[in-house]
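Visitor: No gaps in the numbering here: position 9 of the sequence shown is 10 in this note's numbering, and each next residue is one more.
Think of the CB as a built atom: it goes at the ideal place given N, C-alpha and C, for glycine as much as any other residue.
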Amino acid sequence: MANAEHKGLIARWLEGKERSEDYARSTLPTNRWSLFWDILKGRLGKLILINLLVLVTFAPIVAILIFRYISIIANGAVGPFGSGLGVGYPVIPEISGAAELLLMRIDNVYYALLLPAAFIAALGLSGGMYIIRNMLWTEGIFFANDFLRGIRRNYWNVLESTLILTVLFYVTASMSDLANLYVVLGAKGYGWFIAGKVAGYIILALALLVCLWMISLGVNYKQGPWALFRNAFIMTIATFPQTVFFAAIALLPVILLISDVMWLMAFGIVWLLLLGFSHAMLVWMDFSQWAFDKFVNPKLANAPIGRGLYKKDGRKDGDASVSASIEESKAMAEYRRMIVAQGKSKLVSRPIKPIDDGMEVYQLPESFSRDDLRRLKESKAAIEEDVKAYEEEHKDEEKYVEYNRQFEEREKALREEDEGKKKKKVRPPKMLNKRK
Numbered sequence: 002m003a004n005a006e007h008k009g010l011i012a013r014w015l016e017g018k019e020r021s022e023d024y025a026r027s028t029l030p031t032n033r034w035s036l037f038w039d040i041l042k043g044r045l046g047k048l049i050l051i052n053l054l055v056l057v058t059f060a061p062i063v064a065i066l067i068f069r070y071i072s073i074i075a076n077g078a079v080g081p082f083g084s085g086l087g088v089g090y091p092v093i094p095e096i097s098g099a100a101e102l103l104l105m106r107i108d109n110v111y112y113a114l115l116l117p118a119a120f121i122a123a124l125g126l127s128g129g130m131y132i133i134r135n136m137l138w139t140e141g142i143f144f145a146n147d148f149l150r151g152i153r154r155n156y157w158n159v160l161e162s163t164l165i166l167t168v169l170f171y172v173t174a175s176m177s178d179l180a181n182l183y184v185v186l187g188a189k190g191y192g193w194f195i196a197g198k199v200a201g202y203i204i205l206a207l208a209l210l211v212c213l214w215m216i217s218l219g220v221n222y223k224q225g226p227w228a229l230f231r232n233a234f235i236m237t238i239a240t241f242p243q244t245v246f247f248a249a250i251a252l253l254p255v256i257l258l259i260s261d262v263m264w265l266m267a268f269g270i271v272w273l274l275l276l277g278f279s280h281a282m283l284v285w286m287d288f289s290q291w292a293f294d295k296f297v298n299p300k301l302a303n304a305p306i307g308r309g310l311y312k313k314d315g316r317k318d319g320d321a322s323v324s325a326s327i328e329e330s331k332a333m334a335e336y337r338r339m340i341v342a343q344g345k346s347k348l349v350s351r352p353i354k355p356i357d358d359g360m361e362v363y364q365l366p367e368s369f370s371r372d373d374l375r376r377l378k379e380s381k382a383a384i385e386e387d388v389k390a391y392e393e394e395h396k397d398e399e400k401y402v403e404y405n406r407q408f409e410e411r412e413k414a415l416r417e418e419d420e421g422k423k424k425k426k427v428r429p430p431k432m433l434n435k436r437k
């Protein structure tokens, strides 16, 4: 190998270290953390566009929540508990539980509307998750085509998870409003409703984690509805601490949005509008790929591990871990057969003398004699002898020997394969059925 070129200070300063092969290789993502930051820095524009598309599909849910808030404010201003004339006008002698009953009725209407809105939100999640997955696999992305392809492939899996989460949210909210009403009214046994409220929120939080796993599993693997739910539950329990941590990081914009601090709420709104959904999908899918490489892919046949990551030698981990059955596929065997059929490359299998050695063919003048023809023939013969001498001198170099060895091994393997196919397999004779 030739020695590396040593450049001066000014040349290195003008070119920058980014032009160095070692530097470029060192910046390739070799783990999930570096892959996350690499996508976040290098494809920020695509992430913003994905966020915009997903935000459009979540517009009905956002509108429902806004109208619910407006309805609560409006009814609170005109209701009997909000008037300035005593306890209200017209006079109602007992208003205990009126506010809680009104809130329960409003929630029943608006939270029920979240069910059809989940059908629309599933469109954006299925398309956006598919593009994010392709980014993590470092595949080429055709934005519109991949978004539509993700909807066609993953919509029903994503819809299953969104409907489960929406129904549980509706039941939990109804249980919470009913518990608040019974506590204010002082009904007997209201403690059971409080326990049901607490249990509902715990189940809802667990269902959120399971639904996140259902989405990532549905995007990566082909599964039925029950198998998808079962495997998602298993992944949630198996990686519970990591799942809670990365789910909190992924849903950080929503957590800021529901906080009571105004500047955090404002920051959460801006984050959600620009990059909130893309951030959540990127964080969760990146973590999911790590979990799949650790728990799922090693148990599946022909499943690449570490897809999208690079080793220090520049190869993708997923490519290096492909099983031997994939490496010996029909396409690869056909490619090797084509290489052998074309024969050894004369430019690679033997040394070729450079043309800048000063030797030239004798040029005939316009009017030449027999002596000029003799000199031309001698110059050609001298060049041929020099080329042969150069080839004989350098034929034992490693690159030529290694190429010829690999070619002969490939040729021998294909010849043995062809001979094995020609041999007929000996089959045992078929047994005749005896008649009674």
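(1) If you draw a straight line from the alpha carbon of Pro-30 to that of Ala-174, how long is it in whole angstroms?
(2) Leaving out five residues on either side along the sequence, give the residues of the same chain with a beta carbon under 8 Å from the beta carbon of Leu-257.
(3) Check whether the segment 117-127 and the segment 52-60 touch, using three or more Cβ-Cβ pairs below 8 Å as the test.
(4) Note down the Cα distance separating Val-220 from Asn-158, rounded to an integer number of angstroms.
(5) Excluding the 5 residues flanking Ile-165 on each side, which residues of the same chain have their C-beta closer than 7 Å to its C-beta?
(6) Would you report the Cα separation of Met-130 and Met-282, rounded to the nearest angstrom?
(7) How big is the Cα-Cα spacing for Asp-108 and Asn-32?
(8) Using only alpha-carbon positions, find the residue among Val-297, Ser-162, His-280 that is nearest to Ala-249.
(9) Work out the CA separation of Leu-179 and Leu-186 for me, nearest whole Å.
(10) Whose C-alpha, out of Ala-145, Leu-374, Glu-361, Glu-367, is nearest the C-alpha of Ala-383?
(11) With a CB to CB cut of under 8 Å and the five nearest residues on each side skipped, what residues in its chain are close to Leu-365?
(12) Which value, in whole angstroms, describes the spacing of the CA atoms of Ile-67 and Ser-177?
(13) Looking only at its chain, what residues have a beta carbon closer than 6 Å to the beta carbon of Tyr-112, apart from the 5 residues adjacent to it on each side?
(14) Of all the options Val-255, Leu-253, Ile-216, which has the alpha carbon lying nearest to the alpha carbon of Met-236?
(15) When you compare only the Cα positions, how much space is there between Tyr-183 and Arg-106?
(16) Going by DSSP in three states, Val-44 sits in which element: helix, strand or coil?
Guide: On the basis of the data shown:
(1) 43 Å
(2) Leu-265, Met-266, Phe-268, Gly-269, Trp-272
(3) yes
(4) 8 Å
(5) Ala-208, Cys-212
(6) Cα-Cα distance, rounded: 6 Å.
(7) 45 Å
(8) His-280
(9) 11 Å
(10) Ala-383 has its Cα closest to that of Glu-361, out of Ala-145, Leu-374, Glu-361, Glu-367.
(11) In the same chain as Leu-365, and ignoring 5 residues on each side of it, the C-beta atoms closer than 8 Å to its own belong to Asp-373, Leu-374, Leu-377, in chain order.
(12) 20 Å
(13) Tyr-171, Ala-174
(14) Comparing C-alpha distances from Met-236 to each of Val-255, Leu-253, Ile-216 shows the shortest one belongs to Ile-216.
(15) 14 Å
(16) The amino acid at residue 44 is misidentified as Val; the sequence shows Arg. DSSP places Arg-44 in coil when its eight states are reduced to three.
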